[in-house]
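Residue numbers (this note's numbering), protein chains in the order written: chain A, 1 to 119; chain B, 1001 to 1848. Note that CB positions come from ideal geometry on N, CA and C, so glycine has one too. Bear in mind the structure is a predicted one, so any value in this text is a computation, not a measurement. Presented below is the structure to which this report refers.
In structure tokens form, the structure reads like this:
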């Protein structure tokens, strides 16, 4: 976890995000500054299961409620395929690369106080 | 069962040397003493005989001398008488007167003739040596007699004289002439009066013979033998010198008068005639009686000595025979005792008993019957024949036990006379008598019978019956010992067998083979064990161990360790931990080594730990390279602390064989253990490449010479290609799914499935498992069965639980899981049953 400019936190995941580790991620993300945008870098993630997806989706909802934005970035092919299968992009912002994700996050910070797009 | 033996083995002759040696050492001096006494007695007797012989010889010689003296005395007396007579004539007035005419008239009364005192007549010779008067009717001799000794000696000595033998000039007769000087009335010498006697040869000698004077010779002063017609002088003239040395004497073992040797010569001289009387006889004649007597006595003594010697030799021989017989019996007895102690079963005891009795009683046939053991039917019988037995081989003598049982006596004698009229007790064919003896166990309970059968009406002496009873006693003890050991052994073997695996788990792609030998030594089983356990999670757990010691205690500890291993292995406890946990079961005075290996047939990961055990071997089937598993820290159980027990792991490639073994397979006296372990590796490689059916049996056969001995265990695990089916059960716990995913991924990789397909399958499986954990068990306890089947292009996945479906509190989340499964797999369905839920998925794989 590291700060990437004002109001943006980058969380880099590696290893496996699954049923027994998802709860840890949920606590970690919930502990971030309310309203901050969170970029979750999954480029080094080996495995993600439905629990991991749920954790990300649930957190994204909470972040959005606090006018922040959660972006999942850099999914490798096998994870991108999982995202595709479950229609992950419908509930979570997905960007192909970390750079793209940071751009989107900074734009979101610049539009802070505005009504989010979705609304 | 029935066996026949003919003779006992020839006993070794070492045991009894000391025993008979002492007897022999006593006998030696005894015999020597008797022989010495005998020799002494015989010697003394012979000495006495010799002395008696010498004395008899002396007596015989003395008798000879006495006879010679007697004869000489007779001659002396005779001539003295003749000389007296002649002197009387010379003193007659006629002769004193000196008148020849008157003398001739006077002498007429002394006419020569056999009856005359002077058989050759008398005559007077004047000092001129002329015969002046004679009794011979033919008148005086007309010749000078001056040269005659009887004249010259008488004149010279003026004493009577007896001449040597002379031959008469006119008559050729042999004469002896006696002479005395004559004097006139005034005492003046006037002449010599001579009187002759004729030596008549034959009659004289005949008389002498009659008087025991055989061999009598008379030698005159001139050395002529007057007893010879020709007056021959002795051939052996040296004797004459001997005769002159003393008046009388005896010459033993000398040369005779005729010069022949071996004579005894007695002599005595007669003063008057100057004769020497000689008795010259062969020594054999003189000493014949003495010799015969001595010989007779010596013969008696010799015969007696020979008889005594013969008696002694006979006694000795008999004693030696008895000694030998006694010694042979001692040897046989020792041999029997030793053999019985070494006998390992009742059959051996029975055979020993039968052959021993047959040896002791060579003229008998022997039968030994044992009660059936442990509920078996029929007696066990052994028959044997003594070497002099004329009986046929006995058949089925089990009736002996019946006779003994009804008699109530430990020894029964049956003879043909005892036969019952109904033949119920009929003895076997040609048997005339027999002795039946009960075999009793330690509780005096009959366990069998022995029978001695004779072809004659034999009555055993008391000591022979005692001998039989001693045999039976030994056999009973041996039998009791064997029965005890058999029971103990049966218990130990049954215990051990019950503790060893009854079967080995079969897993596709893995070939497990084991060899085990209880290693019975003196009925005590060893403490080696092995085991193979397949835990529900699909892993295989191997162990081989060795409890120090033997017998039931070792078997019990072995069983405890094996059970502990099984329990921990089924729970998939890791090898090092299994060892640590097993250590608790080892008592303070116990010790055991063991090695534990866990092998995952799906990932080919091998994990191991050792408690001071010999290093497991890894063999590359193809190259034949043998390596030992890296040593891990850890000492024997019950010996060192197990806290430091170390565990190592490695991944083995298909075509590898793992070998676990105990020291019974490799330890050999005098050989380096490392070298033997290398030999074992080579032997296994050879056996594996030989296509032999029984690889482990072949290896053991080639490694171990003896068919029985130390216990041993060998376990071979041949690791082949990863199996086509992944089939495990695991607890319904989320934290186990990570390991499952890894194993399945590795397995699929081994099966050649490409990465993206593996990822999809692993995720789908994972979701199905979570499904089972959440919906099947509501995160409660339970078991999830996972089965994957892979063939060339299809992968089927089945995940089943035994729970009852319940909706998750976060149903929307689970929806994603199901979506994932469906999205990842070509086909998937969830089957909900009352007994549980089954998720079935299938995926076609691209041909790779």
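- DSSP links residue 1605 (chain B) through a beta bridge to B:1600, B:1651.
- Within the stretch 69-99 of chain A, complete alpha helix (DSSP H) segments of at least 4 residues are found at 77-86, given in chain order.
- Taking CB atoms only, residue 108 (chain A) has no neighbour in chain B less than 8 Å away.
- Under the Cβ criterion of 8 Å, residue 50 (chain A) is counted among the residues facing chain B.
- Among the residues of the stretch 1726-1746 of chain B, those with a Cβ less than 8 Å away from any Cβ of chain A are 1734, 1735, 1737, 1738, 1741, in the order of the chain.
- A Cβ-Cβ distance of about 6 Å is found for the pair residue 1595 (chain B) and residue 1660 (chain B), placing them in contact under the 8 Å criterion.
- Closest in C-alpha terms to residue 1231 (chain B), from the list B:1173, B:1287, B:1215, B:1101, comes B:1173.
- Cβ atoms of residue 1530 (chain B) and residue 1713 (chain B) come within 8 Å of each other, at about 4 Å.
- Taken through DSSP and simplified to helix, strand or coil, residue 36 (chain A) comes out as coil.
- The shortest CA-to-CA distance from residue 35 (chain A) to any of A:105, A:67, A:102 is the one to A:67.
- In the DSSP assignment, residue 1542 (chain B) forms a beta bridge with B:1532, B:1597.
- Counting only the Cα atoms, residue 1561 (chain B) lies some 37 Å from residue 1749 (chain B).
- Listed in chain order, the beta strand (DSSP E) runs fully inside the stretch 1723-1775 of chain B are 1725-1731, counting runs of at least 3 residues.
- Cβ neighbours of residue 1699 (chain B) within its own chain (closer than 7 Å, five residues either side excluded): 1683, 1684, 1687, 1714.
- Within the same chain, and ignoring the five residues on either side of residue 1280 (chain B) in sequence, the residues whose Cβ sits closer than 7 Å to its Cβ are 1215, 1217, 1256, 1257, 1263, 1265.
- Only 1756, 1759, 1763, 1766, 1767 from the stretch 1750-1768 of chain B bring a Cβ to less than 7 Å from some Cβ of chain A.
- Counting along the chain, residue 1702 (chain B) sits inside no beta strand (DSSP E); it lies in the alpha helix (DSSP H) bounded by residues 1695-1703.
- Contiguous alpha helix (DSSP H) elements confined to the stretch 1374-1451 of chain B occur at 1399-1407, taking only those with 4 or more residues.
- 16, 18, 19, 20: these are the residues of the stretch 8-36 of chain A whose beta carbon lies less than 8 Å from some beta carbon of chain B, given in chain order.
- Counting along the chain, residue 1295 (chain B) sits inside the alpha helix (DSSP H) bounded by residues 1288-1342.
- For a Cβ distance threshold of 7 Å, residue set 85, 86 of chain A lies close to residue 1819 (chain B), ordered along the chain.
- Taking residue 1513 (chain B) as the centre and dropping the five residues before and after it, the same chain places the C-beta of 1695, 1696, 1716 closer than 7 Å to its C-beta, in chain order.
- With three or more CB-CB distances shorter than 8 Å, the stretch 1164-1184 of chain B counts as touching the stretch 1074-1086 of chain B.
- Burial of residue 1199 (chain B) is indicated by the presence of at least 16 other C-beta atoms within 10 angstroms of its C-beta.
- Exposed is the label assigned to residue 1625 (chain B), since fewer than 16 other Cβ atoms lie within 10 Å of its Cβ.
- In the displayed model, residue 1558 (chain B) falls within a helix according to three-state DSSP.
- A direct Cα-to-Cα measurement between residue 1409 (chain B) and residue 1403 (chain B) gives close to 10 Å.
- Only those residues of the stretch 1770-1786 of chain B whose C-beta falls short of 7 Å from the nearest C-beta of chain A are listed: 1770.
- Rounded to the nearest whole angstrom, the C-alpha separation of residue 1228 (chain B) and residue 1164 (chain B) is 13 Å.
- If you keep only unbroken alpha helix (DSSP H) runs of at least 4 residues inside the stretch 1073-1143 of chain B, you get 1093-1097, 1100-1107.
- Taking the Cα of residue 1035 (chain B) as reference, the smallest distance to any Cα among B:1069, B:1316, B:1614, B:1114 is reached at B:1316.
- Per DSSP, residue 1267 (chain B) is one residue of the beta strand (DSSP E) stretching across 1263-1270.
- In the displayed model, residue 1057 (chain B) falls within a helix according to three-state DSSP.
- At least one beta carbon of chain B lies nearer than 8 Å to the beta carbon of residue 82 (chain A).
- Residues are counted here when their Cβ sits less than 8 Å from a Cβ of chain B; for the stretch 62-76 of chain A the count is zero.
- Not a single C-beta of chain A is nearer than 8 Å to the C-beta of residue 1844 (chain B).
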